[in-house]
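Residue numbering for the sequence shown follows full-length UniProt numbering, starting at 1 and increasing by one per position. Below is one structure, written out as structure tokens, with a few remarks after it.
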Amino acid sequence: MISLPLTTPILPSRCLLHKTRRQNSTRRRLLIRSSSSLQDQFTVETTKRVVLVRHGQSTWNEEGRIQGSSDFSVLTKKGESQAEISRQMLIDDSFDVCFTSPLKRSKKTAEIIWGSRESEMIFDYDLREIDLYSFQGLLKKEGKEKFGEAFKQWQEDPANFIIDGHYPVRELWSRARSCWPGILAHESKSVLVVAHNAVNQALLATAIGLGTEYFRSLLQSNCGVSVLDFIPRADGGSPHVCLNRLNQVS
1 MISLPLTTPI LPSRCLLHKT RRQNSTRRRL LIRSSSSLQD QFTVETTKRV VLVRHGQSTW
61 NEEGRIQGSS DFSVLTKKGE SQAEISRQML IDDSFDVCFT SPLKRSKKTA EIIWGSRESE
121 MIFDYDLREI DLYSFQGLLK KEGKEKFGEA FKQWQEDPAN FIIDGHYPVR ELWSRARSCW
181 PGILAHESKS VLVVAHNAVN QALLATAIGL GTEYFRSLLQ SNCGVSVLDF IPRADGGSPH
241 VCLNRLNQVS
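Okay, here's the thing in structure tokens:
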């Protein structure tokens with residue numbers, strides 16, 4: 001269960017967490033009365049559901065290599081099987097549109113899950129994985145050997161991690177926040193988003209009002225499914241946000 005300290009200023013004053021067990025899975029329901037991160041950016045006229053899915057296992061996942069936003073790895077056979085399991089989990093969901101990262105591992109996962117649906121698929125480069133600059137392509141042990149203290153900071157203090165003059169996690173949060181208006185402005189009531197571990201964490205966090213210090217608190221497994229509902233407010237303000245599922249894998 002995620003620990004949500006109510007003393008944190010970015011959190012709304014009322015937060016209800018419910019958890020119900022299902023076979024081989026845990027469902028969590030987190031109702032945010034008003035999401036401060038997205039406040040005043042948009043409104044919704046009707047309840048809108050957004051389902052986030054991480055891509056299946058990739059070749060670089062299997063090798064323990066740092067992917068970042070590079071586009072060299074592809075799905076393994078296991079990754080394709082994971083995507084098929086997610087397709088079966090979501091087969092009864094009446095999605096109107098699919099937004100996906102254009103990186104090959106995400107695109108292939110989206111195509112498997114989307115199956116024979118005729119509705120549109122939108123490729124959004126802002127849904128790419130976190131930009132990790134000089135880390136990308138290195139085995140994790142190589143990153144530790146080559147970058148030393150910087151790699152240690154990435155592991156222990158990612159929110160303040162800096163490399164090549166960039167703060168990757170801060171940039172990621174800003175990019176994820178900028179994705180929401182476009183996703184929620186789409187006329188569909190049910191949206192599928194297929195992307196990556198870090199960016200899906202950032203999408204979840206920015207939707208429910210959590211800052212960069214929560215990076216790695218919302219980890220997404222390969223083909224893990226998370227569900228957000230955006231519920232209109234009676235006064236027409238920014239919507240209530242409800243986290244219904246977090247990282248469901250079966």
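Just so it is clear, CB atoms sit at the ideal spot from N, CA and C, and this is done for glycine as well.
- Bridge pairing for H55: absent [DSSP].
- Contact check for S134 against I163 passes: the beta carbons are separated by less than 9 Å.
- Taking R49 as the centre and dropping the five residues before and after it, the same chain places the C-beta of S190, D229 closer than 6 Å to its C-beta, in chain order.
- A straight-line Cα-Cα distance of about 20 Å links Q88 and S58.
- In the DSSP annotation of this structure, Q220 is not part of any beta strand (DSSP E), being labelled neither H nor E.
- Contact between the region 118-135 and the region 103-110 is present: 3 or more CB-CB pairs across the two stretches fall below 8 Å.
- The straight-line gap separating the alpha-carbon atoms of Q220 and C98 is approximately 19 Å.
- Nearest neighbour of L139 by Cα position, chosen from G68, V225, G237, turns out to be G68.
- G143 counts as buried, since no fewer than 16 other beta carbons sit within 10 angstroms of its beta carbon.
- N160 and H166 have their alpha carbons spaced roughly 10 Å apart.
- Around the beta carbon of T76, a 10 Å sphere encloses 16 or more other beta carbons of the protein chains shown; the residue is thus reported as buried.
- Spanning the alpha carbons of S178 and I85 requires a straight line of approximately 30 Å.
- For L139, the beta-bridge partners assigned by DSSP are R65.
- Taking every protein chain shown into account, the CB of T46 has fewer than 16 other CB atoms within 10 angstroms, so this residue is exposed.
- If you draw a straight line from the Cα of D71 to the Cα of A234, it is about 44 Å long.
- When DSSP states are grouped into helix, strand and coil, T100 belongs to the strand group.
- Under the rule that a run must span 4 or more residues, the alpha helix (DSSP H) segments found entirely inside the region 176-239 read 197-208.
- The beta carbon of I91 is closer than 6 Å to none in its chain, skipping five residues each way along the sequence.
- Annotated three-state conformation of V74 is coil, per DSSP.
- The continuous stretches of beta strand (DSSP E) do not include F42, and DSSP gives it neither H nor E.
- F215 and S226 have their C-alpha atoms spaced approximately 16 Å apart.
- Residue environment: P158 is assigned as buried (16 or more neighbouring CB atoms within 10 Å of its CB, all protein chains considered).
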